[in-house]
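Quick note: the sequence shown, position 93, residue 93 per the working numbering, numbers continuous. Note that beta-carbon positions come from the ideal geometry of N, C-alpha and C, so glycine has one too. So the structure is just underneath, and the comments pick up after that.
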Amino acid sequence: MTRVFLHRAILQMFLGAFLGWSIWWTSPLLTGMSEPWDANGWYYPVAVAVCAFLTAAVCPQTFWFAPLAIGVGDVLFALIVTLPSLPPGDPIILPPCCGFPLFGLLPALLGAGFLRLLVRPGDKRG
Numbered sequence: 001m002t003r004v005f006l007h008r009a010i011l012q013m014f015l016g017a018f019l020g021w022s023i024w025w026t027s028p029l030l031t032g033m034s035e036p037w038d039a040n041g042w043y044y045p046v047a048v049a050v051c052a053f054l055t056a057a058v059c060p061q062t063f064w065f066a067p068l069a070i071g072v073g074d075v076l077f078a079l080i081v082t083l084p085s086l087p088p089g090d091p092i093i094l095p096p097c098c099g100f101p102l103f104g105l106l107p108a109l110l111g112a113g114f115l116r117l118l119v120r121p122g123d124k125r126g
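Right, dumping it as C-alpha cells:
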C-alpha cells in the first residue's frame, strides 16, 4: 500500500462522512423534513447517489468504501443531532442510516469507473 493510496483512502473516508452528514444537515433546508427519507420525491436516493459517486472518485480502488463512509456520516448526525431531540422510545432512526447508504454502491462503482476514464493509462493518480 503506497502512501498516496493511504492518503486518498483517508480523504475518501472523511469526505464520505462529511457528505453523509451534509445530507442530513441540508434535508430540513431543502425539503422541510428533519429525516431525509421522509422527504417527498427523490431527495435521499439522489443525494446518496451523488455523494457516493463523488466519494468513490477520490479513490477508485476502494469504491465499495464510499457508501460505508456516507453511512458513518448519517449515523453520526443521527446520534449527535437528531436522536437527542427525539422522544424516548423512537429509535427507528438508526436502521435506515445503516441500510440506505448501501444503495450508493452502484453510483460509487460508476464514480470509480468515471475517474479511470479520465486518467491516462500510464498516470499514477487513478
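| query | Counting only runs that start and end within the region 22 to 73, where is the alpha helix (DSSP H) found for 4 or more residues in a row? | reply | Within the region 22 to 73, the complete alpha helix (DSSP H) runs of at least 4 residues fall at 43 to 58.
| Nearest-angstrom Cα distance between isoleucine 10 and threonine 31? | Numbered from its first residue, the sequence shown carries residue 10 at position 10. Numbered from its first residue, the sequence shown carries residue 31 at position 31. One C-alpha to the other measures close to 31 Å.
| message | Taking 8 Å as the limit between beta carbons, can you name the residues of its chain near alanine 17, skipping five residues before and five after? | response | Counted from its first residue, the sequence shown places residue 17 at position 17. The answer, listed in chain order, is Ala69, Ile70, Val72, Gly73 and Leu76.
| query | Is alanine 56 close to chain C, meaning its C-beta is less than 8 Å from at least one C-beta of that chain? | reply | The chain labelled as chain C is not found in the depicted structure, where only one protein chain is given.
| request: Please confirm whether proline 60 and alanine 112 have their CB atoms less than 8 Å apart. | output: The count along the sequence shown starts at 1 and reaches residue 60 at position 60. The count along the sequence shown starts at 1 and reaches residue 112 at position 112. Yes, the pair counts as a contact, with Cβ atoms nearer than the cut-off.
| query | Who are the near neighbours of alanine 49 in its chain, counting only those whose CB is closer than 7 Å to its CB and skipping five residues on each side? | reply | Mapped onto the sequence shown, residue 49 falls at position 49. Counting only Cβ-Cβ distances below 7 Å, and skipping sequence neighbours, we find Gly104 and Pro107.
| task | Mark leucine 62 as exposed unless 16 or more other C-beta atoms lie within 10 angstroms of its C-beta, in which case mark it buried. | result | Numbered from its first residue, the sequence shown carries residue 62 at position 62. Here the sequence assigns threonine to residue 62, which means leucine is not the residue at that position. Buried, by the Cβ-count rule.
| field | DSSP three-state assignment for threonine 82, whether helix, strand or coil | value | For the purposes of this step, residue 82 is taken as the residue at position 82 of the sequence shown. In the displayed model, threonine 82 falls within a helix according to three-state DSSP.
| query | When the distance is taken between beta carbons, is alanine 78 closer than 8 Å to proline 67? | reply | Mapped onto the sequence shown, residue 67 falls at position 67. Mapped onto the sequence shown, residue 78 falls at position 78. The beta carbons of proline 67 and alanine 78 sit no closer together than 8 Å.
| request: Under the assumption that leucine 19 contacts threonine 55 (Cβ atoms under 8 Å), give the Cβ distance between them as a whole number of angstroms. | output: What you label residue 19 is simply residue 19 of the sequence shown in a count that begins at 1. What you label residue 55 is simply residue 55 of the sequence shown in a count that begins at 1. Beta-carbon to beta-carbon, leucine 19 and threonine 55 are separated by about 6 Å, close enough to satisfy the 8 Å threshold.
| said: Tell me the rounded alpha-carbon separation between asparagine 40 and proline 101. | reply: Here residue 40 refers to the residue found at position 40 of the sequence shown. Here residue 101 refers to the residue found at position 101 of the sequence shown. For asparagine 40 and proline 101, the gap between their C-alpha atoms comes out near 18 Å.
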